[in-house]
């Protein structure tokens, strides 16, 4: 099967780019002396997770309990669910831990919280369910989303609530997601140092109070790539790096030639008078994430390549989307007068769209069509890899 | 099972609101003297489609061939695929037509195009596949997306290409999607009249040239609701009306009390210092569609209700989303200083989020949890209805 045989829209994964991205982050983790625990919220794929660990079912981070159950079933035993746990989900969490026991030594599923009342509920439910939930305390190091400050009064009450039958304090965790809005790699490096310093400060406070704090976890693709050093940190949790996207290219963490996923689309119309093509990749097939325009104006809803992939066609973008329609048009007002090469793109011809935000775009598909990405390999589809969507 | 038992995030469908919305559009179609062919791109559900037709498997519009195959399998035989067909999809289209033959008299699957070269390819493929594809010509009446102008030179060549063995001209079709950006219902009515006049003009040109033009199809929820009269039109194709959403409420086509779908979410964190709650409905669970803010500023990514539903809590919105995190905070800068009622919303408590754009939000779920919506009925889940996502 080749790209020409695929139904459109379809999600294409370039294996050569993926492998290069994975190796780059493995080398970073090794150089920084930390464990790599990739965040699989981007790929949601056991095959990608294994590739990230050179074939091993290594440590992973997940964003839903559906992902946790999927990776447990695929043989992964060291799983961190990195969204604040709610008590009603603890029974499912305990089932995933037991699910692992059926296949071997059990799943070490770790949870997170930043709320003392929730921590008490976790321990209570743990006792009722006959398990001890391993829980990390979420620390805020500048993103301002979830987590307590490194010097917050509630740190020790949280640790105490997690140090009773039914719960175990497993460590501390932070996510410097504000690195996505940095203006330079130097600024990313500064955010990475603040991320490190904050979470290490929290770990030291816990240890001084007599708590064990085995895991000190930081993570985002930009800070993992540009941190100068990570003393005191035990692991990094980058996610987007497996595929990258136009946002990351604009931020400067990757090049356009590193973007490993794209959407194969068919031309469904061409309109000379309006100087646009229509493709069958719209708001559902691409997502409506326009964040990439922050760093890279005129990216629209994605950039357009020939079906063979490689690099974007200059001056074109998906400038608007409706549910099942994408409009391909000149990317900037200055280019609006330049007629599109309509003769090259009859109805039924194909394009590839590089995504603004690969986490959001990939989530619309139930599988990857994998191409080798090797020069000269053509469009042969060498594998189909699954994904775990939903909740 | 009640709402309290559901996993979160979950998609909730209020049956009383749905039935009221469906009845309203049936009454409109009857008053206008036209067939109702609801666009199921919003609901993607056989149960909703049957409810729209009082239990019958009536005419439907679809946005993907996956939907067409799903509705054919569910017993619907009059299906219009309203996205420009590409030749590579014709074999699948023919299979859907045959699929119907297995269960009875066959599926009358209608296609659309606006491209002479594609029309020729349709007829050629029809001959090769041993079928005659019924095709409508797409007319542009002001949206400027797909379609030819009513007075375009290519209308008669298109009709000729579709009047040979392998293809049949089934009619003309338009979609005045620009009605979504109208500033008043009077403006919507004016757009509806232009939509009608344009597509009827094209139909008359075809008839004067000796072609049959049985179907004259218009459609959007706003124009269907506010058209004064539709002489010459045979059918309307509204879609969003089944559920409505915050965009439509801002446009003035529905009230907040008509929005039939919402996302049930759990509080995953509460942060007094930052004056926000976190919920487990983020960019994937709600979509990143912010179009509703055009008509209704400070809608953010959705408005927040108590878990029992009804109307939004004043002054609150989902002000930001990450992949699996929604931030619930004061909706406007003026309200930013008002502390949230944190005591009412411990971790694990639940909220319902009214969606900005129900087509996009619903697409993230594989099922509806249906509640009766009757006063006093409580949160009992009375049914689960499926959806057909993907392509």
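Protein chains in written order, with the numbering used here: chain A, 128 to 518; chain B, 128 to 518. The C-beta atom is built at its ideal place from N, Cα and C for all residues, glycine as well.
Can you tell me whether residue 235(B) is helix, strand or coil according to DSSP?
strand
When DSSP labels each residue in this structure, what does residue 210(B) get in the three-state scheme?
coil
Using only alpha-carbon positions, find the residue among 395(B), 198(B), 397(B), 375(B) that is nearest to residue 387(B).
Cα-wise, what sits closest to residue 387(B) is 375(B).
Taking any Cβ of chain B, which residues in the region 252-278 of chain A have a Cβ under 7 Å from it, in chain order?
271, 272, 273
What separation, rounded to the nearest whole angstrom, lies between the Cα atoms of residue 160(B) and residue 447(B)?
44 Å
By the three-class DSSP mapping on this structure, what secondary structure does residue 393(A) have?
Residue 393(A): strand per DSSP, three-state reduction.
Report yes if the CB atom of residue 405(B) is closer than 7 Å to the CB atom of residue 428(B), and no otherwise.
no
Count the C-beta pairs between the region 240-248 of chain B and the region 352-365 of chain B that are closer than 8 Å, then say yes if the count reaches three, no if not.
no
State whether the region 465-482 of chain B contacts the region 501-514 of chain A, with contact taken as three or more CB pairs (one from each stretch) at a distance under 8 Å.
no
To the nearest angstrom, how far is it from the Cα of residue 299(B) to the Cα of residue 491(A)?
32 Å
Could you name each continuous alpha helix (DSSP H) segment of 4 residues or more that falls completely within the region 343-413 of chain B, going from the start of the chain to the end?
348-353, 373-378, 410-413
Is the region 426-446 of chain B touching the region 387-402 of chain B in the sense that three or more CB pairs, one from each, lie closer than 8 Å?
yes
If you reduce the DSSP assignment to three classes, tell me which class residue 305(B) lands in.
Note: residue 305(B) maps to helix in three-state DSSP.
Please identify the residue among 486(B), 225(B), 373(B) whose C-alpha is closest to the C-alpha of residue 439(B).
Shortest Cα-Cα distance from residue 439(B) to any of 486(B), 225(B), 373(B) involves 373(B).
With three or more C-beta pairs closer than 8 Å as the rule, is the region 152-167 of chain A touching the region 177-190 of chain A?
yes
Here's the rule I'm using: 16 or more other beta-carbon atoms within 10 Å means buried, otherwise exposed. How should residue 509(A) be labelled?
exposed
How long is the line joining the alpha carbons of residue 287(B) and residue 261(B), rounded to whole angstroms?
13 Å
May I ask which residues mark the beginning and end of the alpha helix (DSSP H) holding residue 431(B)?
Residue 431(B) -> not in any alpha helix (DSSP H); beta strand (DSSP E) instead, spanning 430-432.
So what's residue 175(B) in DSSP terms, helix, strand or just coil?
When secondary structure is reduced to three states using DSSP, residue 175(B) falls in the helix class.
For residue 290(A), decide whether its Cβ has a neighbour in chain B, counting only Cβ atoms nearer than 7 Å.
no
Name the two residues that bound the continuous alpha helix (DSSP H) containing residue 127(B).
Outside the shown range of chain B (128 to 518) lies residue 127(B), about which nothing can therefore be said.
Which chain B residues sit within Cβ distance under 8 Å of residue 283(A)?
Going along chain B, no residue has its Cβ under 8 Å from residue 283(A), so there is no contact; the nearest lies around 18 Å.
Quick check on the DSSP output: the beta strand (DSSP E) that includes residue 137(B) runs from which residue to which?
137-141
Between residue 245(B) and chain A, is there a C-beta pair that is closer than 7 Å?
yes
Verify whether the separation of the beta carbon atoms of residue 346(A) and residue 302(A) is less than 7 Å.
yes
Name the residue from 191(B), 132(B), 253(B) whose alpha carbon lies nearest to the alpha carbon of residue 135(A).
Checking every option, the nearest Cα to that of residue 135(A) belongs to 191(B).
Quick one: residues in its chain with C-beta nearer than 7 Å to the C-beta of residue 276(A), no 5 flanking neighbours on either side, listed in chain order?
267
From which residue to which residue does the beta strand (DSSP E) around residue 188(A) run?
First-last of the beta strand (DSSP E) with residue 188(A): 187-189.
Please classify residue 247(B): does DSSP put it in a helix, a strand, or coil?
helix
For the region 314-341 of chain A, list every residue whose C-beta sits within 7 Å of some C-beta in chain B, in sequence order.
Within the region 314-341 of chain A, no residue has a Cβ lying closer than 7 Å to any Cβ of chain B.
Would you say residue 490(A) reaches chain B, if we count a Cβ-Cβ gap shorter than 7 Å as a contact?
Closer than 7 Å: yes.
Using the rule of at least 16 other Cβ atoms within 10 Å of the residue's Cβ for burial, across every protein chain shown, is residue 325(A) buried or exposed?
A buried status is given to residue 325(A), since no fewer than 16 other beta-carbon atoms sit within 10 Å of its beta-carbon.
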